[in-house]
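Notes for the one structure printed next.
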Amino acid sequence: MHGFANPARFLRIARWLMPLCMGVGILVAGAALAWGLFEAPAERLQGETVRIVYLHVPAAWLGMAGWMGIAVASFMQIVWRHPLAGIAARACAVPGAVFTAVCLVTGSLWGRPAWGTWWVWDGRLTSMLVLLFLYFGWMALSQASEASDGGQSSAPAIFGLVGAVNIPIIHYSVTWWNSLHQPPSITMGKSAMSGAFLWPLLFAMLGFTLIFAGVVLARMRAILADQQAEARLRRKALAAGDL
Amino acid sequence: MAIKAKHQRLVLLVIALVVLIGAGLLAAWALRNQASYFYVPAEITANPPESDRAVRLGGMVEKGSIKTEPDGVTIAFVVEDGKARVPVVFKGIVPSLFVEGSGVVAEGKMGADGTFVADNLLAKHDENYVPREMQNMTEAQAKQVVAETK
Chain Y
1 MHGFANPARF LRIARWLMPL CMGVGILVAG AALAWGLFEA PAERLQGETV
51 RIVYLHVPAA WLGMAGWMGI AVASFMQIVW RHPLAGIAAR ACAVPGAVFT
101 AVCLVTGSLW GRPAWGTWWV WDGRLTSMLV LLFLYFGWMA LSQASEASDG
151 GQSSAPAIFG LVGAVNIPII HYSVTWWNSL HQPPSITMGK SAMSGAFLWP
201 LLFAMLGFTL IFAGVVLARM RAILADQQAE ARLRRKALAA GDL
Chain F
1 MAIKAKHQRL VLLVIALVVL IGAGLLAAWA LRNQASYFYV PAEITANPPE
51 SDRAVRLGGM VEKGSIKTEP DGVTIAFVVE DGKARVPVVF KGIVPSLFVE
101 GSGVVAEGKM GADGTFVADN LLAKHDENYV PREMQNMTEA QAKQVVAETK
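Sequence order for the protein chains is Y and F.
Position one of the first sequence corresponds to residue 1 (full-length UniProt numbering), numbered consecutively onward.
Position one of the second sequence corresponds to residue 1 (full-length UniProt numbering), numbered consecutively onward.
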């Protein structure tokens, strides 16, 4: 990992990895969505509404994966002072929050025809909403720390690690507590989902994950470019002051 | 010999994380009974709630139990969880996923006669996803097809 500690080296890799992730991700996710929306069968009880699963589940996974990214980056920032860790955490926050919001909206749209309600305060839905608020809080804190000391503070990293407690709670909410939300269909090596639904879903998850990775790399490049531009301006201002 | 600063940070952070996750798990454990969205029939028959308290009852709709009353809008059915069964009456439009042998959450009050009077029904979908083409198969055939996909 410390091979990437040099931002110049990271940028060299990100320059080709970012468009690769984006391109392949858009192709795979697009194909998987077309497969799921037009080719995959209707479900026995839910009928056509089941098709929203191809957006809902990848969004839920990436909403949680985004925070796991923040937590891992926070850990590396605190322990090893990795120079790119704080930047990676900041790059994960917005796409993670967007996918969490997509998960909540598609879930609500799905809940109305399937359950008969837009929203209930059961364990799964509530903990996912808490995740969205954690993202908002984290982004505000990270922006404040950036504005006050140039991102040197470890407050966002500590928040990132504490907030990670919510991830297993989201995952196990349907097992620990009776909930209206279904228990997981896909568990270790087993699927209660017929292959006709499972395969397009797995490809949609892969495609959206690649898009997520592409967005994170693009945002990291942008943050690094911002920092370089700022450092250059500061040097110029100093040099001008010396004259 | 001085301990390297980064090793010290690693150890401290790992200890902090273990404590944090332990606290989170304990809190979730304490919430175990409070955070459930509904009571199952076994719980509601063992500890019947007061008749004026709004509660939720969740379980499976017993096969062959859905009956429409003569007025055409009131239905009666039985919610069971394998241990206990609770009769339910409901007046209104049911969600489309409300079928026998499937999950349901009824919101309402427990009547004095042991019948649950629901004023809202929510259908609960389980984790099984089966294509519509399989719905006309016998249960054994469908189970086999589902088993093959595992």
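By construction, the Cβ of each residue, glycine as well, lies at the ideal position given by its N, Cα and C atoms.
In this text, all values refer to a predicted model and were calculated from it rather than measured experimentally.
| Asked | Found |
| --- | --- |
| With the cut-off set at 8 Å, would you say F212 (chain Y) and P95 (chain Y) are in Cβ contact? | yes |
| Can you confirm whether M128 (chain Y), when its beta carbon is compared against all beta carbons of chain F, has any partner nearer than 8 Å? | no |
| Leaving out the 5 sequence neighbours to the left and right, which residues in its chain are closer than 8 Å to A54 (chain F) when beta-carbon positions are compared? | E107, G108 and K109 |
| Determine whether the beta carbon atoms of E127 (chain F) and P183 (chain Y) lie at a separation below 8 Å. | yes |
| Do you know offhand how far M193 (chain Y)'s Cα is from A42 (chain F)'s? | 29 Å |
| Please name the residues in the segment 101-135 of chain Y whose beta-carbon is closer than 8 Å to at least one beta-carbon of chain F, in chain order. | P113, A114, W115, G116, T117, V120, W121, D122 and G123 |
| Since M128 (chain Y) and L104 (chain Y) are thought to touch, with beta carbons under 8 Å apart, how far apart are those beta carbons, to the nearest angstrom? | 6 Å |
| Does the segment 116-128 of chain Y touch the segment 75-94 of chain Y, meaning 3 or more C-beta pairs lie closer than 8 Å? | no |
| With a threshold of 16 other CB atoms inside 10 Å of the CB of Q34 (chain F), please say whether the residue is buried or exposed. | exposed |
| With distances taken Cα to Cα, identify the nearest neighbour of G150 (chain Y) among Y:R235, Y:G111, Y:E230 and Y:L206. | Y:E230 |
| How would you list, in chain order, the residues of chain Y whose beta-carbon sits under 8 Å from the beta-carbon of K124 (chain F)? | W115, L180 and Q182 |
| Just the C-alpha distance for K150 (chain F) and T175 (chain Y), rounded to the nearest angstrom, thanks. | Because K150 (chain F) sits at a pLDDT of 49, beneath the cut-off of 50, its placement in the model cannot be relied upon, and the point is left open. |
| Quick one, which residues of the segment 4-32 of chain F are near chain Y if we go by CB-CB under 7 Å, in chain order? | K6, R9, L10, L13, L17, L20, I21, G24, A28 and R32 |
| For a test of the three-state rule: what should DSSP assign to K150 (chain F), helix, strand or coil? | With a pLDDT of 49 at K150 (chain F), under the threshold of 50, the modelled position of this residue cannot be trusted, and the question is left open. |
| Nearest CA to the CA of L180 (chain Y): which residue from F:A16, F:G59, F:A30 and F:T74? | F:G59 |
| Name the chain F residues whose beta carbon is nearer than 8 Å to that of I169 (chain Y)? | G24 and A28 |
| Since A88 (chain Y) and M220 (chain Y) should fall inside the 8 Å C-beta cutoff, what is the C-beta to C-beta distance between them, to a whole number of angstroms? | 6 Å |
| Report the CB separation of V50 (chain Y) from Y129 (chain F) in whole angstroms; it is logged as a contact under 8 Å. | 7 Å |
| Compare the Cα-Cα distances from W177 (chain Y) to each of F:R85, F:V40 and F:G92 and report the closest residue. | F:V40 |
| Write down the C-beta distance between S173 (chain Y) and G123 (chain Y) rounded to the nearest angstrom, noting that I regard them as a contact closer than 8 Å. | 4 Å |
| Is the Cβ-Cβ distance between L62 (chain Y) and T187 (chain Y) less than 8 Å? | no |
| Residues in the same chain with beta-carbon distance under 8 Å from I15 (chain F), minus the five sequence neighbours each way, listed in chain order, please. | none |
| Could you check what DSSP says for R12 (chain Y) in three-state terms: helix, strand or coil? | helix |
| Can the beta-carbon of V73 (chain F) be found less than 8 Å from the beta-carbon of E100 (chain F)? | no |
| By how many angstroms is the C-alpha of V94 (chain F) removed from the C-alpha of T68 (chain F)? | 12 Å |
| When you compare the CB of P48 (chain F) with every CB in chain Y, is at least one pair closer than 8 Å? | no |
| State yes or no: is the beta carbon of A118 (chain F) nearer than 8 Å to at least one beta carbon in chain Y? | no |
| Between the beta-carbon of M18 (chain Y) and the beta-carbon of A222 (chain Y), is there less than 8 Å? | no |
| Could you tell me whether any Cβ in chain Y is nearer than 8 Å to the Cβ of V105 (chain F)? | yes |
| Tell me, to the nearest whole angstrom, how far the beta carbon of W67 (chain Y) is from that of L131 (chain Y); I am working on the premise that it is less than 8 Å. | 6 Å |
| For G64 (chain F), which of F:S102, F:N47 and F:D71 has the nearest alpha-carbon? | F:S102 |
| Shortest alpha-carbon distance to L84 (chain Y) belongs to which of Y:L233, Y:A225, Y:R235 and Y:S185? | Y:A225 |
| Please tell me whether, using a cut-off of 7 Å, the distance from the CB of V24 (chain Y) to the nearest non-hydrogen atom of the ligand GDP is below it. | The model on display carries no ligand, and the ligand GDP is accordingly not part of it. |
| Can you tell me whether K119 (chain F) is helix, strand or coil according to DSSP? | Per the sequence shown, the amino acid found at residue 119 (chain F) is Asp instead of Lys. In this structure, D119 (chain F) counts as strand in the three-state DSSP scheme. |
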